[in-house]
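J.: I have a structure I would like to understand better, so I am pasting it below and will then ask my questions one at a time.
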Amino acid sequence: MGNISVITILILSGFNGTANYRITLFTLTSLCYCIILLANLTIIITIIVDKSLHEPMYIFLCNLCINGLYGTAGFYPKFLNDLLFSTHVISQAGCLLQGFVLHSSACADFSILALMAYDRYVAICRPLVYHSVMTKQRISVLVFFAWLLPLYLVLMGTVTSISTLCGSIIPKIYCVNFLISNLACSPSIAKDIIPAINYTFYAGHAGFIVWTYVYMIKTCLKSTENMNKFMHTCVPHAFALATFSVSLLFDLLYMRFGSKDLSQHVQNFMAIEFLVISPLINPVIYGIKLQKIRNRILNADKVFRP
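Heads up, the numbering used here is the position in the sequence shown plus 243, with the first residue counted as 1.
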């Protein structure tokens, strides 16, 4: 029993087979992370500095980009560091922290995307009451809970993952609570119940988003003006939602039900999709598609002019 209690260092076995590509991976990953930082910071600073962009849609977008930086900060620095060394280990506390950051970032993404869908629903389907519904006070409350609920729910899942470990191998290139819980010496009912609650809660988010889009499309079919508004502001949101949901769903389904015979390179690609595509695509697609943001970025001197 004494030997079991001393397992505090975990091995990330997902790096097996990357030794011959470490320099290439490090270079490409560094470039990708720099682009993610630059693109998201550009959108964030543009929205914060330009008072004409202090509208609900842009405030939610700013939070989406902030969350992109938060989530990637839980992965890229550690990943880049691991590529520089032949051993790939992490402490149990560090593993729990990384899992918390990645899980809470993914959940916050869903919460913020749900808020963006609600904002577009009110703007298109109930335009006459838009400004009375989307007040500054209500936006502040919605944003607060969009951050608080994911952090709280994931914290509960992380707490239940704290236990004595009987194994030290994490078959991935980063930590997630599900894999940490699998190493526990004794099974825990909470290990299954809390994730089930979280999945159900965010499945509700997905259902709400689908409902808003169905309703918006029905409304827009009756009006050319509304259809133009839908194409202009909702297409980037739909694209962001689709890329994030699909990439995350593939990884979750494979982690729980996938065959272990799949190539390690394919497993790693599936694992990092949502950490690369969404943080990279979101600021780019919004910066290109939304005219007000695009104009501010192209005329940066006006953005920073007092």
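In this text, a Cβ means the ideal position worked out from N, Cα and C, and glycines have one as well.
1) Does DSSP put residue 250 in a helix, in a strand, or in coil?
2) Figure out for me which residue from 376, 315, 335, 363 has the closest Cα to the Cα of residue 346.
3) Runs of 4 residues minimum, wholly inside the segment 416-481: which ones carry the alpha helix (DSSP H) assignment?
4) With DSSP as the reference, label residue 533 as helix, strand or coil.
5) Can you find at least 3 beta carbon pairs, one from the segment 433-452 and one from the segment 273-283, that sit closer than 8 angstroms?
6) Is the segment 359-378 touching the segment 411-423 in the sense that three or more CB pairs, one from each, lie closer than 8 angstroms?
7) Quick one: residues in its chain with C-beta nearer than 8 angstroms to the C-beta of residue 276, no 5 flanking neighbours on either side, listed in chain order?
8) Counting Cβ pairs closer than 8 angstroms, one from the segment 389-399 and one from the segment 345-363, do we hit at least three?
9) So residue 404 packs on residue 252, CB below 8 angstroms; how close in whole Å?
10) If you draw a straight line from the C-alpha of residue 452 to the C-alpha of residue 250, how long is it?
11) Can you tell me whether residue 264 is buried or exposed, with buried defined as 16 or more other CB within 10 angstroms of its CB?
12) Rounded C-beta distance between residue 491 and residue 473? I'm assuming under 8 angstroms.
13) My output table needs one value for residue 340: the three-state DSSP class, helix, strand or coil.
T.: The structure says:
1) coil
2) 315
3) 420-424, 432-463
4) coil
5) no
6) no
7) 315, 319, 323
8) yes
9) Cβ atoms of residue 404 and residue 252 stay farther apart than 8 angstroms, at about 16 angstroms.
10) 43 angstroms
11) Only exposed fits residue 264, as fewer than 16 other CB atoms lie within 10 angstroms of its CB.
12) The Cβ separation is near 25 angstroms, so there is no contact.
13) helix
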